[in-house]
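J.: Following this message is one structure expressed as C-alpha cells.
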Amino acid sequence: MLQVKAGDLERMSLLFERHHRALLGFLFHLTQRREASEDMVQTVFYRMLKYRNSFTEGSNFSGWMYHIARNVLKDQKFGSGSKYDPISVHEEKITGGTLADERLEKKQSWQQLYDAMDMLSESDREILILNRVKELNYPEISEIMGISQGAARVRVSRAVEELKKIFVKKGIKRDS
Amino acid sequence: MMKCEEYKEHLADWHMGRLEPADAAELEQHLNTCADCREALAATGFVLDSINNLQDPEPPIQLKADFRAMLDDFKAKEKKSVFRGNIWSWLLQPRLPLAYGLVILLCIGGAYLLGRSNKQGQEAQERKQAMLLTMLDNPLASERMKAVNYTGDLKEVDKRLIAALLATLNNDPNVNVRLSTLEALAALGDHSEVRTGLIKSITTQDSPIIQLAIADVMLKLQEKGSVGSFRELLKQKGLDDEVRKKVKETITKLI
Numbered sequence: 000m001l002q003v004k005a006g007d008l009e010r011m012s013l014l015f016e017r018h019h020r021a022l023l024g025f026l027f028h029l030t031q032r033r034e035a036s037e038d039m040v041q042t043v044f045y046r047m048l049k050y051r052n053s054f055t056e057g058s059n060f061s062g063w064m065y066h067i068a069r070n071v072l073k074d075q076k077f078g079s080g081s082k083y084d085p086i087s088v089h090e091e092k093i094t095g096g097t098l099a100d101e102r103l104e105k106k107q108s109w110q111q112l113y114d115a116m117d118m119l120s121e122s123d124r125e126i127l128i129l130n131r132v133k134e135l136n137y138p139e140i141s142e143i144m145g146i147s148q149g150a151a152r153v154r155v156s157r158a159v160e161e162l163k164k165i166f167v168k169k170g171i172k173r174d175s
Numbered sequence: 000m001m002k003c004e005e006y007k008e009h010l011a012d013w014h015m016g017r018l019e020p021a022d023a024a025e026l027e028q029h030l031n032t033c034a035d036c037r038e039a040l041a042a043t044g045f046v047l048d049s050i051n052n053l054q055d056p057e058p059p060i061q062l063k064a065d066f067r068a069m070l071d072d073f074k075a076k077e078k079k080s081v082f083r084g085n086i087w088s089w090l091l092q093p094r095l096p097l098a099y100g101l102v103i104l105l106c107i108g109g110a111y112l113l114g115r116s117n118k119q120g121q122e123a124q125e126r127k128q129a130m131l132l133t134m135l136d137n138p139l140a141s142e143r144m145k146a147v148n149y150t151g152d153l154k155e156v157d158k159r160l161i162a163a164l165l166a167t168l169n170n171d172p173n174v175n176v177r178l179s180t181l182e183a184l185a186a187l188g189d190h191s192e193v194r195t196g197l198i199k200s201i202t203t204q205d206s207p208i209i210q211l212a213i214a215d216v217m218l219k220l221q222e223k224g225s226v227g228s229f230r231e232l233l234k235q236k237g238l239d240d241e242v243r244k245k246v247k248e249t250i251t252k253l254i
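If you read the sequences in order, they're chains A and B.
Mapped onto numbering that gives the first Met the number 0, the consecutive letters of the first sequence carry residue numbers 0 to 175.
Mapped onto numbering that gives the first Met the number 0, the consecutive letters of the second sequence carry residue numbers 0 to 254.
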C-alpha cells in the first residue's frame with residue numbers, strides 16, 4: 000500500500016487480487032446482498048485509491064481496508080425486502096453430496112445460521128464477522144471499531160454468548 | 000481462583016488460540032474439574048466454527064474486470080492532474096536564464112503528454128462503454144438506471160451502445176429506466192440510428208408517460224418522419240385521452 004501511496008497506482012491491483020475475496024465475504028455476510036456487496040467492494044477500492052494519503056506507514060492494510068468498508072456500509076441505505084436469498088450463493092457448492100437429503104440438510108443448516116445471525120444486534124454481528132477474517136486479530140479489530148483491545152476481546156466473547164443463547168432458543172444443536 | 004463466569008469469558012479466546020499460555024494452562028486445569036465449563040466450551044466452539052465455516056461467495060469474473068476499468072480510469076485522471084500541476088510549477092520557477100529552453104521543452108513534452116493522455120482518454124472511453132453495456136444487462140433496475148445516466152458522460156457512443164439503449168427503451172420492465180433511457184437517447188438525436196429507433200418505438204410503448212415523453216422528444220428534434228408512427232398510434236384502442244390529445248397536437252406541429 001505504501002507503494003500505491005507513493006504513486007505506483009498499479010500496485011493496487013495486487014492488493015485487489017489478495018483481498019477482494021475476503022472483503023466480498025465480509026460485506027456479504029453482513030448484508031446478505033450479493034450484488035450490493037460486489038458494488039461495495041468496488042467502492043472500497045476506489046476510496047482506498049482516492050484517499051491513499053490517509054494510509055500511514057506501519058499500519059495494517061487489512062485493518063485500514065475494513066475500516067473503510069465499514070464506512071461504505073454505513074453510507075449504504077438498503078430498502079427493505081430486497082434481500083438476496085443467501086442460500087443460492089451456496090447452491091453451486093452443494094454438489095458434493097450425492098443424496099438429495101444431504102444437500103437439503105446443508106441448505107437448512109445455512110439458513111438456520113443466517114436466521115440466527117439476523118437476531119443478533121448489528122454490532123455483535125459485525126464483530127463476529129470481523130473476527131472470522133484471518134488477517135484480523137484484536138489489535139486490528141480494536142482499531143477498526145475504534146475501541147480498546149480489551150473491549151474488543153470482551154465484545155467478541157459476549158457476542159458469542161448471545162449467539163449461543165439464540166442457538167438454544169432456535170434448537171440448533173451440535174451434530175444435528 | 001477465578002469463578003466459572005470469569006473462565007467463561009476466556010472460552011472464545013481459548014478456542015481461537017488467542018490466550019496467553021499461562022492463562023490457557025489455568026483454564027485447562029479448571030476444565031478438567033468442571034463439567035459445566037466443558038459443556039460451555041463445546042457450545043462456544045460450535046458457534047465459532049459455524050461462523051467460520053460460512054462460505055464466502057465466489058467473486059464473479061466481472062468484479063475483476065470492473066476493478067480493472069476503475070483503476071485504469073483513475074490512473075488516466077490522475078495523470079491529467081499531475082500534468083496540470085507540472086505546468087504551474089514550471090511557470091512559477093524563477094530561473095530566467097533557463098526560460099527559453101524550458102519553454103521549448105515544455106512545448107515538446109506537453110505535445111507528447113497531450114497525445115498520450117488523449118490516447119488514454121480514448122481507451123478509457125472504450126472501456127467505460129464496454130462496462131455500460133454489461134451494466135445495462137444487470138438485473139437490478141438501479142444499476143441499469145446508473146448505466147443509462149452514465150451515457151451522458153461519454154464523448155462518443157458507438158452503434159452497439161445505441162442498439163443496447165434502444166433495446167432497453169423497448170424492453171425494460173421498469174418504466175423509470177425506460178424514461179431515463181429515452182432522455183439519454185434524446186441527447187443523442189444527431190445519430191440517424193437513434194432517430195429511426197425512436198420512431199419505431201412509438202407504436203411499441205404502452206405506458207402513457209413514455210408516449211407523452213416520446214412526443215416531446217420528436218417535437219424537440221423536429222422529426223417529421225415520426226408523423227406516420229404517431230398516426231398509427233392514434234388508431235390503437237384504449238389509448239390514454241391525454242396522450243391522444245398530445246399526439247394530435249404533435250402531428251399538427253410537425254407537419
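All C-beta atoms, glycine included, are put in the ideal place defined by N, C-alpha and C.
Applying the 10 Å Cβ sphere with the 16-neighbour rule, what's the burial state of A/S81?
T.: Start at 1 with the first residue of the first sequence, and residue 81 of chain A comes out as number 82. Residue placement at A/S81 is flagged as unreliable, the pLDDT there being 47, under the threshold of 50; a coordinate-derived value is accordingly withheld.
J.: From B/T32 to B/L18, what distance separates their C-alpha atoms?
T.: Position 33 of the second sequence, counting from 1, holds the residue named residue 32 of chain B. Position 19 of the second sequence, counting from 1, holds the residue named residue 18 of chain B. Taking the straight line joining both Cα atoms gives about 20 Å.
J.: Of all the CB atoms in chain B, is at least one closer than 8 Å to the CB of A/L1?
T.: In the first sequence, the residue the question calls residue 1 of chain A occupies position 2. For A/L1, the answer is no, since every Cβ of chain B falls outside 8 Å of its Cβ.
J.: Can you tell me where the alpha helix (DSSP H) with A/L26 in it begins and where it stops?
T.: The residue labelled residue 26 of chain A in the question sits at position 27 within the first sequence. Residues 11-30.
J.: One question on the structure: do B/K127 and B/L153 come within less than 8 Å of each other, judged by their Cβ atoms?
T.: The residue you call residue 127 of chain B lines up with position 128 of the second sequence. The residue you call residue 153 of chain B lines up with position 154 of the second sequence. A contact, by the Cβ cut-off of 8 Å.
J.: Indicate whether at least one CB of chain A lies closer than 8 Å to the CB of B/P269.
T.: For chain B, the structure presents residues 0 to 254; residue 269 of chain B sits outside this window and is missing.
J.: Grab me the residues of A/S175's own chain with a C-beta within less than 7 Å of its C-beta, minus the 5 sequence neighbours each way, in chain order.
T.: By one-based count along the first sequence, residue 175 of chain A stands at place 176. With a pLDDT of 46 at A/S175, under the threshold of 50, the modelled position of this residue cannot be trusted, and the question is left open.
J.: Restricting to Cα atoms, I'd like to know which of B/A11, B/A64, B/D35 is closest to B/I50.
T.: Along the second sequence, read from residue 1 onward, the residue named residue 50 of chain B stands at position 51. Residue B/A11 is the option with its Cα nearest to B/I50.
J.: Spell out whether any CB of chain B is found under 8 Å from the CB atom of A/V71.
T.: Here residue 71 of chain A refers to the residue found at position 72 of the first sequence. No - not a single Cβ of chain B is within 8 Å of the one on A/V71.
J.: 8 Å is my cut-off, CB to CB: does A/M11 come that close to chain B?
T.: As a working note, residue 11 of chain A is residue 12 in the first sequence. Yes, its Cβ sits closer than 8 Å to a Cβ of chain B.
J.: Which residues of chain B have a Cβ atom closer than 7 Å to the Cβ of A/V40, listed in chain order?
T.: Indexing the first sequence from 1 puts residue 40 of chain A at position 41. Those within 7 Å of A/V40 in chain B are L62.
J.: Name, please, each residue of chain B whose Cβ falls closer than 8 Å to the Cβ of A/H19.
T.: Your numbering for residue 19 of chain A matches position 20 in the first sequence. For A/H19, the chain B residues whose C-beta falls within less than 8 Å of its own C-beta are P58, L62, K63, F66, listed in chain order.
J.: Distance, Cα to Cα, A/S53 vs A/L23?
T.: Working through the first sequence from its first residue, we reach residue 53 of chain A at position 54. Working through the first sequence from its first residue, we reach residue 23 of chain A at position 24. Their Cα atoms are separated by approximately 23 Å.
J.: Residues of chain B with CB under 8 Å from A/K4, in chain order?
T.: Within the first sequence, the letter at position 5 stands for residue 4 of chain A. By Cβ distance, chain B contributes nothing, its closest Cβ being about 13 Å from A/K4, past 8 Å.
J.: Kindly indicate if chain B contains any beta-carbon less than 8 Å away from that of A/L135.
T.: Position 136 of the first sequence, counted from the start, is the residue given in the question as residue 135 of chain A. False, the Cβ-Cβ gap to chain B never drops below 8 Å.
J.: If you run the structure through DSSP and keep just helix, strand and coil, what is B/P59?
T.: Walking along the second sequence from the start, residue 59 of chain B turns up at place 60. Three-state DSSP puts B/P59 in coil, outside helix and strand.
J.: Counting beta carbon pairs with one atom in the stretch 6-23 of chain A and one in the stretch 26-41 of chain B, are three or more of them shorter than 8 Å?
T.: no
J.: Apply the 10 Å Cβ neighbour rule to A/E139 and answer buried if 16 or more other Cβ atoms are within range, or exposed otherwise.
T.: Numbered from its first residue, the first sequence carries residue 139 of chain A at position 140. A residue is called buried when at least 16 other Cβ atoms come within 10 angstroms of its Cβ; A/E139 meets this threshold and is buried.
J.: Report the neighbours of B/A42 on chain A: residues whose CB is nearer than 7 Å to its CB, in chain order.
T.: Along the second sequence, read from residue 1 onward, the residue named residue 42 of chain B stands at position 43. Going along chain A in sequence order, the residues near B/A42 (Cβ under 7 Å) are K163.
J.: Mind the definition here: the stretch 24-36 of chain A touches the stretch 44-59 of chain A only if three or more C-beta pairs lie below 8 Å; say whether that holds.
T.: no
J.: Assuming A/N136 is part of the alpha helix (DSSP H), what are its boundary residues?
T.: Residue numbering aside, residue 136 of chain A sits at position 137 when the first sequence is read from its first letter. That residue, A/N136, is in no alpha helix (DSSP H); it is neither H nor E in DSSP.
J.: Taking DSSP as the reference, what is the three-state secondary structure of A/V167?
T.: Here residue 167 of chain A is taken as the residue at index 168 of the first sequence, counted from 1. In this structure, A/V167 counts as helix in the three-state DSSP scheme.
J.: Touch check for the stretch 151-164 of chain A and the stretch 121-133 of chain A: three-plus C-beta pairs under 8 Å?
T.: yes
J.: Nearest CA to the CA of A/S141: which residue from A/K168, A/D74, A/G62, A/D114?
T.: Along the first sequence, one-based indexing puts residue 141 of chain A at 142. Considering only alpha carbons, the answer is A/G62.
J.: Tell whether a beta-carbon distance below 8 Å holds between B/T202 and B/S225.
T.: Sequence index remark: in the second sequence, residue 202 of chain B carries index 203 (1-based). Sequence index remark: in the second sequence, residue 225 of chain B carries index 226 (1-based). Here B/T202 is not near B/S225, since their CB atoms are 8 Å or more apart.
J.: Taking Cβ-Cβ distances shorter than 8 Å, what residues in chain B pair up with A/R33?
T.: In the first sequence, residue 33 of chain A corresponds to position 34, counting from 1. Within chain B, the C-beta atoms nearer than 8 Å to that of A/R33 come from P56, in chain order.
J.: Here's the rule: buried if 16 or more other CB atoms are within 10 angstroms of the residue's CB, otherwise exposed. What is B/Q204?
T.: The residue you call residue 204 of chain B lines up with position 205 of the second sequence. Buried, since its Cβ has 16 or more Cβ neighbours within 10 Å.
J.: Taking all protein chains shown into account, do 16 or more other C-beta atoms lie within 10 angstroms of the C-beta of B/G196, making it buried, or fewer, making it exposed?
T.: Taking the first residue of the second sequence as 1, we reach residue 196 of chain B at position 197. Classification for B/G196: buried.
J.: Who are the neighbours of B/M69 on chain A, taking C-beta pairs under 9 Å?
T.: By one-based count along the second sequence, residue 69 of chain B stands at place 70. Those are Q41, F44, Y45, L48, listed as they occur along chain A.
J.: On the three-state DSSP scale, how would you describe A/S120?
T.: Residue 120 of chain A sits at position 121 when you count from the first residue of the first sequence. Coil.
J.: Quick one: which chain B residues come within Cβ less than 7 Å of A/F15?
T.: On the first sequence, residue 15 of chain A is found 16 positions in, with the first residue counted as 1. Within 7 Å Cβ-Cβ: F66.
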